[in-house]
Amino acid sequence: MLRVIVLGAAAGGGLPQWNCGCNVCRAARQQPELQGSQASIAVSVDDTNWFLVNAAPDLRQQLNVTPQLHPGPGHLRHTPIAGVILTNGEVDAVAGLLSMREGSPFTLYAHQRVLAILKANSIFNVLSETNVRREAIAIDRNFEPTLPDGSPSGIDVLPFAVPGKSAWYLEGEQHPAGAADDDGDTLGLRIEDKASGQHFFFIAACARVTPELKRRLQGAPLVLFDGTVWQDNELIDAGLGVKTGQRMGHLSMSGHDGALAMLADAGIARKYFLHINNSNPAWLPESRQREELEKAGWKMPHDGLEISL
Ligand SMILES: [Zn+2]
């Protein structure tokens with residue numbers, strides 16, 4: 084059985100964000116059940132070995148509250164985490180790696196553009212390459228992550244390119260991978276349990292739903308999809324920032340080219356948003372935006388949510 088645990092559902096900064104006094108962050112400080120850590124999921128097909136998709140800055144706390152990811156009994160040093168798959172090089176996807184530096188072996192899977200970012204930042208050398216093998220993954224090429232003993236995991240992963248942007252902190256900088264072509268900086272993943280054929284899609288960053296992407300998602304059993312903003316200009320309208328969702332490489336939930344409209348007739352069985360910014364009013368259970376989203380068949384996951392396929 085394919086199991087997914089949503090370790091965190093929020094976008095960069097989390098909910099509440101440390102320095103934010105917006106409506107949603109204030110509500111989350113009053114009502115801790117609204118709080119959300121930064122987006123990451125864990126996936127397993129055997130309930131024993133787990134793979135993380137992205138390593139959020141909140142990873143340490145996420146692991147603490149997730150018994151499936153604790154060291155197994157009878158081990159002095161152990162982790163059920165066999166590997167981490169990165170879909171981009173943003174801070175909220177890679178900073179958690181720094182909390183995984185205590186010598187347990189695992190494999191890090193990422194596009195060579197993201198591996199180049201890690202390589203160029205020597206702080207990531209705390210993950211010694213003897214213990215933490217770095218393996219390049221390629222667009223449109225399936226791979227099967229391996230377990231620590233080298234045996235196959237039974238999971239098939241297909242990375243594909245989605246419209247997006249390079250990490251913010253690289254804006255105006257030479258990308259460590261060199262070339263200007265930014266394919267590979269934002270990946271979606273199709274993850275399948277090879278035994279059962281059950282699968283789902285993980286797309287935490289996406290600037291628009293192209294016809295190709297819609298075709299790919301048609302009839303999917305489960306999709307976890309970029310829910311950064313409700314509307315493109317919400318950070319500007321709320322006085323929180325100067326960037327639109329598009330400028331950050333994220334489409335909005337609402338609007339004629341937003342996720343609700345674009346995927347309305349894609350026949351997706353279960354639709355969850357992920358990577359939801361704290362400015363997004365859909366976080367609030369009583370909001371009209373939440374109502375609209377649920378009417379369209381979407382759900383907002385809470386931290387720790389388990390989904391089985
Ligand atoms: Zn806020």
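Residues in the sequence shown are numbered consecutively from 84, following my numbering.
Glycine included, every Cβ here is placed at the ideal spot set by N, Cα and C.
Computed from a prediction, not measured in an experiment: that's the story for all the values here.
Between the stretch 229-240 and the stretch 129-142, do three or more beta carbon pairs fall short of 8 angstroms? With the cut-off at 8 angstroms, the stretch 229-240 and the stretch 129-142 touch.
The stretch 360-370 contacting the stretch 311-321, beta-carbon criterion three pairs below 8 angstroms: Yes: the two stretches touch, three or more of their Cβ pairs being nearer than 8 angstroms.
Quick check: what's the CA-CA separation for L201 versus P228? Within the sequence shown, numbered from 1, the residue matching residue 201 stands at position 118. Within the sequence shown, numbered from 1, the residue matching residue 228 stands at position 145. Distance between the alpha carbons of L201 and P228: 20 angstroms.
Could you spell out where the beta strand (DSSP E) holding R353 opens and where it closes? On the sequence shown, position 270 is the one that residue 353 refers to. Per DSSP, R353 belongs to the beta strand (DSSP E) from 353-357.
On the DSSP bridge list, what partners appear for L241? Taking the first residue of the sequence shown as 1, we reach residue 241 at position 158. Here L241 is bridged, per DSSP, to R273.
To the nearest angstrom, report how far apart L241 and Q195 are at their CA atoms. For the purposes of this step, residue 241 is taken as the residue at position 158 of the sequence shown. For the purposes of this step, residue 195 is taken as the residue at position 112 of the sequence shown. In this structure, the straight-line span from the alpha carbon of L241 to that of Q195 is close to 15 angstroms.
Relative to the C-alpha of M336, which residue among L323, A379, P304 is closest? Position 253 of the sequence shown, counted from the first residue, corresponds to residue 336. Ranking L323, A379, P304 by Cα distance to M336 puts A379 first.
Beta-carbon spacing of G271, F285 below 8 angstroms: Locating residue 271 in the sequence shown gives position 188, counting from the first residue. Locating residue 285 in the sequence shown gives position 202, counting from the first residue. The answer is yes: Cβ separation under 8 angstroms.
Using DSSP's beta-bridge definition, name the partner residues of R184. By one-based count along the sequence shown, residue 184 stands at place 101. Paired residues: none, contrary to the question.
Quickly, what does DSSP pair L169 with across the bridge? List them, please. Counted from its first residue, the sequence shown places residue 169 at position 86. DSSP, once it has assigned bridges, lists no residue as partnering L169.
Could you tell me how far apart the beta carbons of D309 and A287 are, in whole angstroms, since I believe they sit closer than 8 angstroms? By one-based count along the sequence shown, residue 309 stands at place 226. By one-based count along the sequence shown, residue 287 stands at place 204. Right, the Cβ-Cβ distance comes to about 6 angstroms (below 8 angstroms), so this counts as a contact.
Would you decide whether L159 is buried or exposed? Buried here means 16 or more other CB atoms lie within 10 Å of its CB. On the sequence shown, position 76 is the one that residue 159 refers to. L159 is exposed by the Cβ-count criterion.
Cα-Cα separation, V128 to R143: Looking up residue 128 in the sequence shown gives position 45. Looking up residue 143 in the sequence shown gives position 60. Using only the alpha carbons, I get a separation of about 23 angstroms.
Minimum C-alpha distance to S120 - residue among V89, D130, G280: Translated into positions along the sequence shown, residue 120 becomes position 37. Among V89, D130, G280, the Cα nearest to that of S120 is on V89.
Could you check if D141 is buried or exposed, using at least 16 other CB atoms within 10 Å of its CB as the buried criterion? By one-based count along the sequence shown, residue 141 stands at place 58. Buried is the call here.
Quick one: Cα of R112 to Cα of P364, how far? Translated into positions along the sequence shown, residue 112 becomes position 29. Translated into positions along the sequence shown, residue 364 becomes position 281. Cα to Cα, R112 sits roughly 15 angstroms from P364.
Please find out if some non-hydrogen atom of ligand 1 comes closer than 7 angstroms to the beta-carbon of Q100. Within the sequence shown, the letter at position 17 stands for residue 100. Q100 has its Cβ nearer than 7 angstroms to a heavy atom of ligand 1.
Do S362 and ligand 1 come close, with the Cβ less than 7 angstroms from some heavy atom? Start at 1 with the first residue of the sequence shown, and residue 362 comes out as number 279. Yes; taking the cut-off as 7 angstroms, the Cβ of S362 has a heavy atom of ligand 1 nearer than that.
Express the C-alpha separation of G179 and I206 in angstroms, rounding to a whole number. As a working note, residue 206 is residue 123 in the sequence shown. As a working note, residue 179 is residue 96 in the sequence shown. Each residue's Cα considered, the two are about 12 angstroms apart.
Mind checking T162: buried by the 16 CB within 10 Å criterion, or exposed? Counting from 1 along the sequence shown, the entry for residue 162 is found at position 79. With 16 or more neighbouring CB atoms inside 10 Å of its own CB, T162 falls in the buried class.
Reduced DSSP secondary structure (H/G/I, E/B, other) of V177: As a first step, residue 177 must be located in the sequence shown, where it is residue number 94. In the structure shown, the three-state DSSP call for V177 is helix.
Within 10 angstroms of its Cβ, does S123 collect 16 or more other Cβ (buried), or is it exposed? For the purposes of this step, residue 123 is taken as residue 40 along the sequence shown, with counting starting at 1. S123 counts as buried, since at least 16 other C-beta atoms from the protein chains shown sit within 10 angstroms of its C-beta.
Return yes when at least one heavy atom of ligand 1 lies under 7 angstroms from the C-beta of V107, else no. Reading the sequence shown from its first residue, position 24 is the one you call residue 107. Using a cutoff of 7 angstroms, the CB of V107 counts as near ligand 1, since one of the ligand's heavy atoms is closer than that.
Could you check if C103 belongs to the surroundings of ligand 1, using beta carbon to heavy atom distance under 7 angstroms? Position 20 of the sequence shown, counted from the first residue, corresponds to residue 103. Yes, ligand 1 has a heavy atom inside 7 angstroms of this Cβ.
Verify whether the separation of the beta carbon atoms of A199 and V167 is less than 8 angstroms. The residue labelled residue 199 in the question sits at position 116 within the sequence shown. The residue labelled residue 167 in the question sits at position 84 within the sequence shown. Contact check for A199 against V167 fails: the beta carbons are separated by 8 angstroms or more.
As assigned by DSSP and simplified to three states, the class of R216: Mapped onto the sequence shown, residue 216 falls at position 133. Note: R216 maps to strand in three-state DSSP.
If I follow the unbroken beta strand (DSSP E) through E389, where does it start and stop? Taking the first residue of the sequence shown as 1, we reach residue 389 at position 306. 389-391 is the extent of the beta strand (DSSP E) around E389.
In angstroms, rounded to a whole number, what distance separates the CA positions of V325 and R299? Stepping through the sequence shown from its first residue, residue 325 is reached at position 242. Stepping through the sequence shown from its first residue, residue 299 is reached at position 216. In a straight line, the C-alpha of V325 is about 33 angstroms away from that of R299.
For P235, the three-state DSSP class (helix, strand or coil): Residue mapping note: residue 235 aligns to position 152 of the sequence shown, counting from 1. For P235, the secondary structure class from DSSP, reduced to helix, strand or coil, is strand.
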